[in-house]
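Chemist:
Chains as they are written, first to last, in the UniProt record's numbering: chain A, 1 to 512; chain B, 1 to 257.
1) If we define contact as Cβ-Cβ less than 8 Å, is residue 55 of chain A a contact residue for chain B?
2) Kindly provide the ranges of any beta strand (DSSP E) runs that are 3 or more residues long and lie completely inside the UniProt domain "Cysteine-rich" (145-229) of chain B, ordered along the chain.
3) Looking at the unbroken beta strand (DSSP E) that takes in residue 127 of chain A, where does it start and where does it end?
4) Check whether the Cβ of residue 378 of chain A lies closer than 8 Å to any Cβ atom in chain B.
5) Counting only Cβ pairs nearer than 7 Å, list the residues of chain A close to residue 34 of chain B.
6) Of the residues that make up the segment 78-90 of chain B, which ones have a beta carbon closer than 8 Å to any beta carbon in chain A?
7) Compare the C-beta of residue 214 of chain B with all C-beta atoms of chain A and state if any pair is closer than 8 Å.
8) Contact between the segment 128-145 of chain B and the segment 235-250 of chain B is defined here as three or more beta-carbon pairs at a separation below 8 Å; is this criterion met?
9) Could you round the C-beta distance between residue 232 of chain B and residue 207 of chain B to whole angstroms and report it? I think they count as a contact, below 8 Å.
10) Under a Cβ-count criterion, where at least 16 other Cβ atoms within 10 Å of its own Cβ denotes burial, should residue 438 of chain A be classed as buried or exposed?
11) Which term fits residue 11 of chain B, buried or exposed, when burial requires 16 or more other beta carbons within 10 angstroms of its beta carbon?
12) Would you call the CB atoms of residue 193 of chain B and residue 497 of chain A closer than 8 Å?
13) Check whether the segment 186-204 of chain B touches the segment 32-40 of chain A, counting contact only when three or more Cβ pairs, one atom from each stretch, lie closer than 8 Å.
14) What does the Cβ neighbour count give for residue 453 of chain A, buried or exposed, with the cut at 16 atoms within 10 Å?
15) Report the rounded CA-to-CA distance for residue 442 of chain A versus residue 472 of chain A, giving the unit in angstroms.
16) Using a Cβ-Cβ cut-off of less than 7 Å, give me the residues of the segment 409-420 of chain A that come near chain B, in sequence order.
17) With residue 435 of chain A and residue 59 of chain A assumed to form a contact (beta carbons below 8 Å), what rounded beta-carbon distance in angstroms separates them?
18) If you measure between the beta carbons of residue 337 of chain A and residue 408 of chain A, is that distance less than 8 Å?
19) Can you pull the chain B residues whose beta carbon is under 7 Å from the beta carbon of residue 444 of chain A, in chain order?
20) For a minimum of 4 consecutive residues, which ranges assigned as the alpha helix (DSSP H) are wholly contained in the segment 307-359 of chain A?
21) Based on DSSP bridge pairs, tell me the residues matched to residue 497 of chain A.
22) Does DSSP put residue 513 of chain A in a helix, a strand or coil?
23) Say whether chain A places a C-beta atom closer than 8 Å to the C-beta of residue 23 of chain B.
24) Where do the N-terminal and C-terminal ends of the alpha helix (DSSP H) with residue 50 of chain A fall, by residue?
25) Drop a sphere of 10 angstroms on the beta-carbon of residue 462 of chain A, count the other beta-carbons inside from all chains shown, and report buried for 16 or more, exposed for fewer.
26) In chain A, which residues lie less than 7 Å from residue 30 of chain B when you measure between Cβ atoms?
27) Spatial neighbours of residue 52 of chain B within its chain, please: C-beta separation below 6 Å, excluding the five flanking residues on both sides.
28) One question on the structure: do residue 112 of chain A and residue 103 of chain A come within less than 8 Å of each other, judged by their Cβ atoms?
29) Residue 381 of chain A by DSSP, collapsed to three states: which one?
30) If we count the other Cβ atoms within 10 Å of its Cβ and call it buried at 16 or more, is residue 73 of chain B buried or exposed?
31) Which residue or residues does DSSP assign as beta-bridge partners of residue 115 of chain A?
32) When DSSP labels each residue in this structure, what does residue 361 of chain A get in the three-state scheme?
33) Helix, strand or coil: which one does DSSP assign to residue 140 of chain B?
34) Opposite residue 279 of chain B in the DSSP bridges: which residues?
35) Reducing DSSP to helix, strand and coil, say where residue 236 of chain B ends up.
36) Are there three or more Cβ pairs, one per stretch, closer than 8 Å when the segment 413-432 of chain A is compared with the segment 48-67 of chain B?
Written out as structure tokens, the structure is:
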């Protein structure tokens, strides 16, 4: 098994990546990426997988002539919900309660975990089946259940791969995107037998055979478990309904077979009305899986006597979201519907991989969401807003029009502001000096003269007529490690302009 | 080529924003803009008070430090009808970020001036195609060229295929399409230094695509991105040179770039 990014490791092997505690020791994005960039198998897996999803999305988005209007509508729906979140949440609670569900409110991860663990204990559940849920990853529910002696089984195929591999998700939609099928085969053969029905001895890396092994393994758990945990893609205030959007049908088994169903739902998942699904269920599948319509869409409102779960609970999770909502710029990140289109188009994500982001929320949206939810006190969370070239591909792909590049800049400002007042870093000093220089053109001209003189010297026969520099001293060696640097020309543009009156005197251009 | 352009006819005052990076490191680019626009009948002025758009500060999170640059920009260009820069990225910063800096400075007068100035600031190809209404600038450049559309031109300014319209009309040019052209080259300003490894990984793919075209020249509308890709191409001894779009468009049979 290849080495993964290291960090504060838990007892079961992988690092803390939820939105739980602030932890020291997790490498910065830069450090983690330096390692993950050398993972040749992952590089190839990601380049291939993101390329395929990108093309599928582009095709189904391109065929609609009202795509931009749908994006605007989706943005407006989420904004409306967020601007009156307090009212819509109470409305949701009233309607869901009237329909027979029990609604719980959780301030943070610890409270949410306590609610779920207490419910499981009250039902004397020894094991829990789960439909893929970012919210329960965020609060590290599996670990909390495990600590209470309750086994939690992930039933989403990719989540199962991640769980069996003692690994953590590197993508929002495709958690095991960093694995290829031969790795999946190895994991199934090695791990399934430890926790249930073993994989067939003659298992190959043929996708249908792998799916069959997962199906047989999971079926046993579905039929046995009596307690299920889910998340939700949408919570409809008007009706008190929850919506789960998934591709495999495993989620539907989780939602319908066990007697008790507990859904952990981030408070930003609320949409005002049933009709809002018209827009959301168009933009979500096209953006995430590149499908016109989602294969399995489950919607339930409380419980129904004699049909499906009889004891239905909903945990509304804050865990930092109201802090995000208080930030007039940053709150746009709460519009996110976890489609992962931004990950698939991100050139940084494609190369560094999801684990470098040190959070269950990777990629561009993770880089703006994680530091807002966790705060920016740790090195990893301070490094995340800088994990982007600001190329803007994420904003273009986002179905709810989150201007991620602007949010990244906003959060960079926050990181810089938090360091003001203390001992300034070399970068801060350099920025201050450069800011002073650009306040007055005469200062910049003076700096240019020095550079031009240096350039002239470097081009002189004495110094070997250098046209490019192959090695620069620290910290500029970050540039010259792989890139040649140009030698400054012996005359700046403004010197030329002055000398020739904008080229009107003498030859029309000055050559070196 | 007509010498009375729509701009000359209306008597508009047009200023060149060379940008700090071009002024110091790539003076041939703003020189080419002066030659090219003069050929199209537009005499540009170069207000010497100009320095920098402030993007490096803004995008690294140093908004306070960006403020003097924004004030200097406004002071230098306030009295002009059109401001032209050979950089999609710097124009992007003027049009999309100066407003935020002015708001943060809590200076209504500055904000008013910024808001008046931003829409009058053009990237070179926008000015030629949209304002002058020209797509054939009468250039001659007999080389195999591929064009990289820089991210801020493409996704911030939405210049679309304007640079390509101009390049396609160049006499003698052998223009070849760059595979995966709309993908970022990995420069990203201070990203190139702060996340050097990822930046280089992105640049390596860009440079591979450039080499695959068999081009002799890589052109773009931003010398910053070109310095990054060009730095890799030079280290690889690829035999491909970088050139700003303006220098190709300024090139003529009598006065080749």
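Note that beta-carbon positions come from the ideal geometry of N, C-alpha and C, so glycine has one too.
Modeler: This is what the structure holds:
1) Position 55 of the first chain holds residue 55 of chain A. Closer than 8 Å: no.
2) 174-176, 217-220
3) Mapped onto the first chain, residue 127 of chain A falls at position 127. For residue 127 of chain A, the enclosing beta strand (DSSP E) begins and ends at 127-130.
4) The residue labelled residue 378 of chain A in the question sits at position 378 within the first chain. For residue 378 of chain A, not one C-beta of chain B is nearer than 8 Å to its own C-beta.
5) Here residue 34 of chain B refers to the residue found at position 34 of the second chain. Below the 7 Å Cβ cutoff, chain A contributes 502, 503 as neighbours of residue 34 of chain B, in chain order.
6) Answer set for the segment 78-90 of chain B: empty.
7) Locating residue 214 of chain B in the second chain gives position 214, counting from the first residue. Chain A contact via Cβ: absent.
8) yes
9) As a working mapping, residue 232 of chain B is identified with position 232 in the second chain. As a working mapping, residue 207 of chain B is identified with position 207 in the second chain. That belief holds up - the Cβ atoms of residue 232 of chain B and residue 207 of chain B are roughly 5 Å apart, short of 8 Å.
10) Translated into positions along the first chain, residue 438 of chain A becomes position 438. Classification of residue 438 of chain A: buried, given that the 10 Å Cβ count is 16 or more.
11) On the second chain, residue 11 of chain B is found 11 positions in, with the first residue counted as 1. Residue 11 of chain B is exposed by the Cβ-count criterion.
12) Within the second chain, residue 193 of chain B is the residue found at index 193, counting from 1. Within the first chain, residue 497 of chain A is the residue found at index 497, counting from 1. Contact: no.
13) yes
14) Within the first chain, numbered from 1, the residue matching residue 453 of chain A stands at position 453. Exposed, since its Cβ has fewer than 16 Cβ neighbours within 10 Å.
15) Here residue 442 of chain A refers to the residue found at position 442 of the first chain. Here residue 472 of chain A refers to the residue found at position 472 of the first chain. So the alpha carbons of these two residues sit roughly 27 Å apart.
16) Taking 7 Å as the Cβ-Cβ cut-off against chain B, the residues of the segment 409-420 of chain A that qualify are 409, 412, 413, 415, 416.
17) Here residue 435 of chain A corresponds to residue number 435 of the first chain, with the count starting at 1. Here residue 59 of chain A corresponds to residue number 59 of the first chain, with the count starting at 1. With a Cβ gap of about 46 Å, residue 435 of chain A and residue 59 of chain A do not count as contacting.
18) For the purposes of this step, residue 337 of chain A is taken as the residue at position 337 of the first chain. For the purposes of this step, residue 408 of chain A is taken as the residue at position 408 of the first chain. No, the Cβ-Cβ distance between residue 337 of chain A and residue 408 of chain A is not below 8 Å.
19) Position 444 of the first chain, counted from the first residue, corresponds to residue 444 of chain A. Going along chain B in sequence order, the residues near residue 444 of chain A (Cβ under 7 Å) are 20, 51.
20) Counting only runs of 4 or more residues that sit fully inside the segment 307-359 of chain A, the alpha helix (DSSP H) segments are 321-326, 341-345, 347-352, in chain order.
21) Translated into positions along the first chain, residue 497 of chain A becomes position 497. The partner list for residue 497 of chain A (beta bridge, DSSP) is empty, contrary to what the question assumes.
22) Because residue 513 of chain A is not part of the residues shown, which for chain A are 1 to 512, the question remains open.
23) Here residue 23 of chain B refers to the residue found at position 23 of the second chain. Chain A, which has a Cβ nearer than 8 Å to the Cβ of residue 23 of chain B, makes this yes.
24) The residue given as residue 50 of chain A occupies position 50 in the first chain. That run of the alpha helix (DSSP H) goes 40-62.
25) Working through the first chain from its first residue, we reach residue 462 of chain A at position 462. So residue 462 of chain A ends up on the exposed side.
26) Position 30 of the second chain holds residue 30 of chain B. Under the 7 Å cutoff, chain A gives 493.
27) Your numbering for residue 52 of chain B matches position 52 in the second chain. Cβ neighbours of residue 52 of chain B beyond the five flanking positions: 20, 69.
28) The residue you call residue 112 of chain A lines up with position 112 of the first chain. The residue you call residue 103 of chain A lines up with position 103 of the first chain. Not closer than 8 Å, so no.
29) Start at 1 with the first residue of the first chain, and residue 381 of chain A comes out as number 381. It is helical.
30) Along the second chain, one-based indexing puts residue 73 of chain B at 73. So residue 73 of chain B counts as buried.
31) The count along the first chain starts at 1 and reaches residue 115 of chain A at position 115. The partner list for residue 115 of chain A (beta bridge, DSSP) is empty, contrary to what the question assumes.
32) Numbered from its first residue, the first chain carries residue 361 of chain A at position 361. Residue state, collapsed to three classes: coil.
33) The residue labelled residue 140 of chain B in the question sits at position 140 within the second chain. Strand.
34) No answer is possible for residue 279 of chain B: it lies beyond the span of chain B, which begins at 1 and ends at 257.
35) Along the second chain, one-based indexing puts residue 236 of chain B at 236. DSSP places residue 236 of chain B in coil when its eight states are reduced to three.
36) Yes, the segment 413-432 of chain A is in contact with the segment 48-67 of chain B.
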